[in-house]
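Protein chains in written order, with the working numbering: chain D, 670 to 983; chain B, 2 to 282.
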C-alpha cells in the first residue's frame with residue numbers, strides 16, 4: 670500500500686492535494702465527489718458583508734491569470750449558517766480561510782469560526798492592514814508576528830498562515846509566523862501584477878492591479894516554499910501555479926508537505942481528482958513507497974545558506 | 002486515460018444538477034456567413050440534458066498563433082439528444098473564438114456543462130416575443146425550439162447590421178415563428194421603429210412574455226415596454242468568466258431587486274435574469 674497520507678501538524682490528510690482558497694466552493698460538488706480531496710479550503714471570509722472589487726475582476730495573461738476579486742463576503746453569520754454545515758457530510762478536514770483589516774477584527778472572526786466542523790483556520794494575512802499603512806500583514810515580520818500571536822491566543826484550532834510573495838523578507842516572515850505559534854505556512858498567495866489593453870490604454874482589471882497566479886507564477890512560489898521549508902520546522906503547504914503531477918512532485922521535493930491547487934481548477938475543474946489518481950502511479954514509477962520520502966528531498970547540499978536565503982536575483 | 006473516466010459521480014443536493022467535464026468530437030465547424038461559424042459536436046447523452054439559455058464553458062484549443070488560457074463561456078445554439086449533438090454558433094472576435102475556428106472535423110474539444118439557469122416558459126405564457134440582435138439570436142434559438150415543442154405562439158424580431166448577417170431567420174421560420182427582420186442598413190432597427198413594431202404585436206396578438214439577450218439598447222427598450230404593458234420578461238446576460246461554475250466570483254453584475262442593488266453571478270444565478278431587474282452597462 671502506497672503512503673499518500675501527509676501530516677500538517679496535528680492533522681493527518683489522506684493525500685497531499687487540496688484546493689487553494691478562492692478557487693473552491695460547494696459548487697464544485699456538482700462535478701466530483703469532494704471527499705477525494707486531502708482537505709477542503711473555503712474562500713476567504715471577512716466578518717462583514719463585502720461587495721468585492723469593480724469588474725473586470727480577472728484577465729488572462731499568456732498562460733496565467735491576474736485577479737482582483739476583492740474578497741466579496743456574505744459575512745461570518747451566513748458562512749456559519751450555510752457553508753460550514755455543507756461540509757459536515759465529508760470526512761476531509763475543513764479549513765476556513767479568514768481575513769480582516771485589523772488584528773482585533775481578525776481575533777473576533779477567528780473566535781467566531783472556532784466551532785465544531787472546522788478543523789483548521791487559514792489566516793489570509795496577505796490582505797492590507799488598514800490600521801497601519803495599508804501594507805499586507807504578511808509583508809513584514811513584525812506585523813505577521815503581532816497578528817499571529819493574537820490569533821494563537823484566540824483559538825485552539827491549528828492556524829495556517831498564508832504568506833504573500835509581495836515581500837523582500839520571505840524567511841523572516843516565515844520565522845515570525847512560526848515564532849508566533851502558526852502550525853503551518855501556506856506559500857503563497859498571488860504576486861501583485863498588472864496588464865494594460867494597448868488599444869484602449871485601460872488597465873485590464875477594474876482595480877488596476879491584481880494578483881498573478883497560474884503556471885507563470887510557479888517558479889516564484891516554489892522558490893518561496895523552498896526558502897520557508899529551509900527556515901522553519903513547521904510544515905509548509907506549497908501553493909502557486911500547480912497544473913501537473915510533476916509540479917506537485919517538485920513542490921514536495923522543495924520541502925512542501927502538501928500542496929494547494931488553485932487557478933488550474935478554473936481550466937480543468939477535475940484536475941485535483943486527476944492529480945490524486947496520478948500520484949500513486951508516480952510513486953510506483955520511482956520505486957517510492959510514500960509521499961513522505963519526497964518531502965524536502967531536494968539535493969541542495971552544495972548550496973551555502975546565504976544562497977538559499979537570498980532575496981535578490983544574482 | 003481521459004479526464005472523464007476518473008470523474009466520480011457526487012451526491013448532489015436536489016436543486017443542483019451534475020456538471021460534466023468531457024471531451025467531445027468535432028463533427029463540423031463551418032462558416033455560415035462572412036462573420037459567423039457553426040460548430041457541431043458529437044456529445045454524450047448525459048451532457049445534452051440542457052435547458053434553453055444554458056451555456057457550456059469551452060476549453061478552446063491552443064495553436065502557434067492563439068493561446069487562450071481561460072475557458073470561454075458560450076451559449077448553446079442547439080442540443081439534440083436524439084442525434085447526440087451539441088451546437089454552438091459563434092462570431093470570431095478574439096483569441097478564444099479565433100482558436101475555436103481552427104478546430105477540424107474529428108478534433109476533440111473539452112467542454113464543461115451544462116451550466117447556469119436557463120429561460121422559463123410559464124404555463125400561462127401563450128404568446129412569446131423574442132427580440133435579439135446579432136449573435137444574441139443564437140442564445141434564443143433553443144428557446145424557440147422549446148416554445149415550438151410546447152405549442153406556444155412565437156414572434157421573433159431579428160436585428161442585425163445588414164441583411165446578409167441576419168442570423169437564425171430561416172431556423173425561426175421553420176419552427177413556425179412569425180419572423181420580423183430589422184437592419185441598420187435600411188434603418189428599420191432603430192429603437193423607435195422597434196417600439197412601434199412591438200406595440201403592434203401587443204395590440205394585434207397580445208404578448209405574454211418577452212425574451213431577449215445581450216444588447217443594452219434592446220434591454221432599455223424592452224424594460225420600458227414591459228413596464229408600460231405589465232409584460233414579464235427574461236434576459237440572457239454576458240460577463241467575462243473564469244471558472245464558470247460559481248467559485249471565483251469574477252462574473253458578478255449588479256441587479257435591482259426590491260429597491261436594492263444586489264450583485265449576482267452571471268454563471269450561477271444566471272445567465273438568464275428577470276428583464277426588469279437587469280441593469281445595462
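Positions of the beta carbon are idealized from the N, C-alpha and C atoms, including for glycine.
Residue i, buried or exposed, once every other Cβ within 10 Å from all chains shown has been counted against 16
i, result
"residue 1/B", "The structure shown does not extend to residue 1/B, since chain B is modelled only from 2 through 282, so no value can be given for it."
"residue 767/D", "buried"
"residue 6/B", "With a pLDDT of 40 at residue 6/B, under the threshold of 50, the modelled position of that residue is not reliable, and the figure given next carries that caveat. Its Cβ having fewer than 16 others within 10 Å, residue 6/B is exposed."
"residue 66/B", "exposed"
"residue 691/D", "buried"
"residue 2/B", "Confidence at residue 2/B is low in this model, with a pLDDT of 33, below 50, so the placement of that residue is unreliable and no value is reported for it."
"residue 784/D", "exposed"
"residue 677/D", "buried"
"residue 192/B", "exposed"
"residue 725/D", "buried"
"residue 847/D", "buried"
"residue 119/B", "buried"
"residue 852/D", "buried"
Presumed contact (8 Å Cβ cut-off) between residue i and residue j, rounded CB distance
i, j, result
"residue 40/B", "residue 91/B", "7 Å"
"residue 25/B", "residue 112/B", "6 Å"
"residue 128/B", "residue 184/B", "Not a contact, Cβ separation roughly 25 Å."
"residue 929/D", "residue 855/D", "7 Å"
"residue 735/D", "residue 880/D", "7 Å"
"residue 828/D", "residue 790/D", "6 Å"
"residue 250/B", "residue 741/D", "5 Å"
"residue 58/B", "residue 69/B", "Actually they do not touch by this definition, with Cβ atoms about 12 Å apart."
"residue 267/B", "residue 240/B", "4 Å"
"residue 907/D", "residue 886/D", "In fact, because the Cβ distance is near 12 Å, the residues do not count as touching under 8 Å."
"residue 697/D", "residue 248/B", "7 Å"
"residue 900/D", "residue 844/D", "6 Å"
"residue 792/D", "residue 817/D", "7 Å"
"residue 195/B", "residue 158/B", "7 Å"
"residue 188/B", "residue 210/B", "With 8 Å as the limit, residue 188/B and residue 210/B do not qualify as a contact, their Cβ atoms being about 28 Å apart."
"residue 71/B", "residue 729/D", "5 Å"
Test item: CB-CB of residue i and residue j under 9 Å
i, j, result
"residue 722/D", "residue 875/D", "yes"
"residue 808/D", "residue 849/D", "no"
"residue 782/D", "residue 748/D", "yes"
"residue 221/B", "residue 281/B", "yes"
"residue 114/B", "residue 21/B", "yes"
"residue 102/B", "residue 34/B", "no"
"residue 920/D", "residue 952/D", "no"
"residue 219/B", "residue 133/B", "yes"
"residue 156/B", "residue 176/B", "no"
"residue 715/D", "residue 780/D", "no"
"residue 878/D", "residue 705/D", "no"
"residue 142/B", "residue 78/B", "yes"
"residue 763/D", "residue 960/D", "no"
"residue 685/D", "residue 926/D", "yes"
"residue 771/D", "residue 738/D", "no"
"residue 99/B", "residue 138/B", "no"
"residue 56/B", "residue 116/B", "yes"
"residue 761/D", "residue 682/D", "yes"
Neighbouring residues, chain D, relative to residue i (Cβ below 9 Å)
i, result
"residue 60/B", "936 and 937"
"residue 18/B", "699"
"residue 264/B", "720, 721 and 741"
Under 8 Å by beta carbon: chain D residues contacting residue i
i, result
"residue 253/B", "721, 724, 726 and 741"
"residue 22/B", "700, 937, 938 and 939"
"residue 269/B", "696"
Test: residue i CB closer than 9 Å to a CB of chain C
i, result
"residue 44/B", "Protein chains in the displayed structure are D and B, and chain C is not among them."
Beta-carbon neighbours of residue i, restricted to chain B and to distances below 8 Å
i, result
"residue 732/D", "68 and 70"
"residue 736/D", "243, 249 and 251"
"residue 746/D", "In chain order: nothing, as chain B lies at least about 18 Å away."
"residue 788/D", "The premise fails here: residue 788/D is roughly 21 Å from chain B at the closest Cβ pair, so nothing lies under 8 Å."
"residue 729/D", "69, 70 and 71"
Chain-ordered neighbours of residue i on chain D, where CB pairs are closer than 7 Å
i, result
"residue 48/B", "What residue 48/B touches in chain D: nothing, since even the nearest Cβ is about 12 Å away."
"residue 261/B", "Within 7 Å Cβ-Cβ: nothing; residue 261/B doesn't reach chain D, min ~12 Å."
"residue 113/B", "938"
Chain B contact residues for residue i, given Cβ-Cβ distances below 7 Å
i, result
"residue 692/D", "248 and 249"
Residue i CB to nearest heavy atom of the ligand ZN below 8 Å
i, result
"residue 121/B", "In terms of ligand content, the structure shown is empty, and the ligand ZN therefore cannot be addressed."
* For the stretch 879-948 of chain D, which segments carrying the alpha helix (DSSP H) assignment without a break, of at least 4 residues, lie completely within its bounds, in sequence order? -> Within the stretch 879-948 of chain D, the complete alpha helix (DSSP H) runs of at least 4 residues are 887-900, 914-923 and 932-936.
* Asked: Can you give, in chain order, each stretch of the alpha helix (DSSP H) that sits fully within the stretch 102-168 of chain B and has at least 4 residues?
  -> Those alpha helix (DSSP H) runs which fall completely within the stretch 102-168 of chain B and span 4+ residues are 137-150.
* Uninterrupted alpha helix (DSSP H) stretches inside the stretch 236-270 of chain B (no shorter than 4 residues) -> The qualifying runs do not exist here; there are none.
* To do: Write down every uninterrupted run of the beta strand (DSSP E) in the stretch 786-858 of chain D whose length is 3 residues or greater and which is fully enclosed by it, in chain order.
  => Listed in chain order, they are 789-793, 828-831 and 853-856.
* Within the stretch 709-738 of chain D, ranges of the beta strand (DSSP E) (whole runs, at least 3 residues) -> Runs found: 727-730 and 733-736.
* Which ranges does the alpha helix (DSSP H) cover as unbroken runs of at least 4 residues, wholly within the stretch 949-978 of chain D, from first to last along the chain? -> Correct list: 974-977.
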